[in-house]
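A.B. asks: The structure follows.
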Amino acid sequence: MSAPERPRFAPRWLELRERADAAARAPELLRPLLAWLEAQPAPEGPPGGPRGLVIRDLGCGIGSMGRWLGVRLPGPQQWVLHDLDPALLALAGARMPVTAADGTPVAATTARGDLAALTADDLAGTSLVTASALLDLLTLDEVEDLAEACMGAGSPALLALSVAGRVELTPADPFDAEIADAFNDHQRRTDQGRALLGPDAIAAAVAAFERRGATVLVQPSPWRLGCAESALIAEWLRGWVGAAHAQRPELAPEAVAYLRRRLEECAAGELTVAVHHTDLLALPRQRSGSA
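Here the sequence shown is numbered in our numbering, starting from 2 and rising by one per residue.
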């Protein structure tokens, strides 16, 4: 993959969405993942440390995936947190859980760099690759390369919270569909020469992993936001409408008036939102080097 500048995300936004992300992630994928991991030879831990899982979290942000998953997996774990942003890496590394589901130790190290540079050799010995809200930011070639790296290393991939291209706001507004269509076009935009997949990413990833012999499972993972998440709804609305307006400047001034209406409804506790995502689990036929 090429390595252009990637989008950076503010810690405040990542912290604001963490509870909704945790509630949305599909726990149904953990059972087949655990069954696959248990069927593999016991992995080696880091030098001098306990045997255990080695988990690489790509584009880790503030470490939300590690905090959600680390306490749900048994056995010692060594997390490697990958991100371009050193400030996010510092936050993620400092806030990881220290014990697994069965009380065994969890440790974490950080690795600054672009996930685009990772190869199967880099992932050798990795028990699991994870990522959240990542696939829709990639190109088709980048998804193909990610699948090649994971399956070439014999590492399963748990890729959560990819946008599905559907939102539902209650009460409905006549301008909802216009904004949604423009936002989806923005997700599929060409950025620095990269044609982003946006809502098409899950279908592309399923095909890429299956071509390499993986068993691929998908589950819906929607945000379902009500009054208790009004701060998240408001911030999401600003970003959603802002991206739609950036994609189609001709939507102004209707988009400005629409955002004002929706923010007023949110502040009054009258607005609920479902933002649809999809979680994907890709399981290799067998771990690289196993019998």
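Just so it is clear, CB atoms sit at the ideal spot from N, CA and C, and this is done for glycine as well.
For the ligand FAD, I want to know if L35 counts as a neighbour, meaning its beta carbon is within less than 7 Å of at least one of the ligand's heavy atoms.
C.D. replies: Absent from the structure shown: the ligand FAD. Ligands present: none.
A.B. asks: Are the beta-carbon atoms belonging to L116 and G60 less than 8 Å from one another?
C.D. replies: Along the sequence shown, one-based indexing puts residue 116 at 115. Along the sequence shown, one-based indexing puts residue 60 at 59. Against a cut-off of 8 Å, the Cβ pair of G60 and L116 comes out as a contact.
A.B. asks: Output the boundary residues of the alpha helix (DSSP H) element that contains G243.
C.D. replies: Here residue 243 corresponds to residue number 242 of the sequence shown, with the count starting at 1. Its alpha helix (DSSP H) spans residues S231 to Q248.
A.B. asks: CA-CA distance, H278 and S163?
C.D. replies: For the purposes of this step, residue 278 is taken as residue 277 along the sequence shown, with counting starting at 1. For the purposes of this step, residue 163 is taken as residue 162 along the sequence shown, with counting starting at 1. For H278 and S163, the distance between alpha carbons rounds to 5 Å.
A.B. asks: Buried or exposed for C228, please, with buried defined as at least 16 other CB atoms from any protein chain shown within 10 angstroms of its CB.
C.D. replies: Taking the first residue of the sequence shown as position 1, residue 228 is located at position 227. Per the 10 Å Cβ criterion, exposed.
A.B. asks: If you drop the 5 nearest sequence neighbours on each side, which residues of the same chain put their C-beta closer than 7 Å to that of G46?
C.D. replies: The residue labelled residue 46 in the question sits at position 45 within the sequence shown. Residue placement at G46 is flagged as unreliable, the pLDDT there being 48, under the threshold of 50; a coordinate-derived value is accordingly withheld.
A.B. asks: Taking the alpha helix (DSSP H) that D142 belongs to, which residues open and close that run?
C.D. replies: Start at 1 with the first residue of the sequence shown, and residue 142 comes out as number 141. D142 -> alpha helix (DSSP H) spans L141 to G153.
A.B. asks: Please classify R26: is it buried, with 16 or more other beta-carbons within 10 angstroms of its beta-carbon, or exposed?
C.D. replies: Walking along the sequence shown from the start, residue 26 turns up at place 25. Buried, by the Cβ-count rule.
A.B. asks: On the three-pair Cβ rule with 8 Å, is the region 129–141 touching the region 99–107?
C.D. replies: Output reads no: the region 99–107 does not touch the region 129–141.
A.B. asks: Let me check understanding here. Comparing Cα to Cα, which of T131, R57, V276 and P157 lies closest to T171?
C.D. replies: Locating residue 171 in the sequence shown gives position 170, counting from the first residue. The shortest C-alpha separation from T171 is found at V276.
A.B. asks: How many Å lie between A95 and G240 at the Cα?
C.D. replies: In the sequence shown, the residue the question calls residue 95 occupies position 94. In the sequence shown, the residue the question calls residue 240 occupies position 239. Going from the Cα of A95 to the Cα of G240 covers about 28 Å.
A.B. asks: Could you tell me how far apart the beta carbons of R213 and A148 are, in whole angstroms, since I believe they sit closer than 8 Å?
C.D. replies: Your numbering for residue 213 matches position 212 in the sequence shown. Your numbering for residue 148 matches position 147 in the sequence shown. With 8 Å as the limit, R213 and A148 qualify as a contact, their Cβ atoms being about 6 Å apart.
A.B. asks: Apart from the five residues on each side of it in sequence, which residues of its chain come closer than 7 Å, Cβ to Cβ, to T127?
C.D. replies: Locating residue 127 in the sequence shown gives position 126, where the first residue counts as 1. Excluding residues within five positions, the ones whose Cβ falls inside 7 Å are V55, R57, A154 and S156.
A.B. asks: Quick check on E255: does DSSP put it in helix, strand or coil?
C.D. replies: Taking the first residue of the sequence shown as 1, we reach residue 255 at position 254. Helix at E255.
A.B. asks: At what residue ranges does the region 163–230 contain a whole run of the alpha helix (DSSP H), taking only runs of 4 or more?
C.D. replies: For the region 163–230, whole alpha helix (DSSP H) runs of length 4 or above, ordered along the chain, are 177–188 and 202–212.
A.B. asks: Within the continuous beta strand (DSSP E) that includes S128, where are the two ends?
C.D. replies: Mapped onto the sequence shown, residue 128 falls at position 127. From DSSP, S128 is part of no beta strand (DSSP E); its letter is neither H nor E.
A.B. asks: Quick check on the DSSP output: the beta strand (DSSP E) that includes L54 runs from which residue to which?
C.D. replies: Against the sequence shown, residue 54 aligns to sequence position 53. L54 -> beta strand (DSSP E) spans L54 to L59.
A.B. asks: Helix, strand or coil for P47 per DSSP?
C.D. replies: Along the sequence shown, read from residue 1 onward, the residue named residue 47 stands at position 46. For P47, the pLDDT reaches just 48, beneath the cut-off of 50, and the residue's location in the model is therefore unreliable, although a value from the coordinates is still provided. In this structure, P47 counts as coil in the three-state DSSP scheme.
A.B. asks: For the beta strand (DSSP E) that L85 lies in, which residues bound it at each end?
C.D. replies: For this step, residue 85 is matched to residue 84 along the sequence shown. That residue, L85, is in no beta strand (DSSP E); it is neither H nor E in DSSP.
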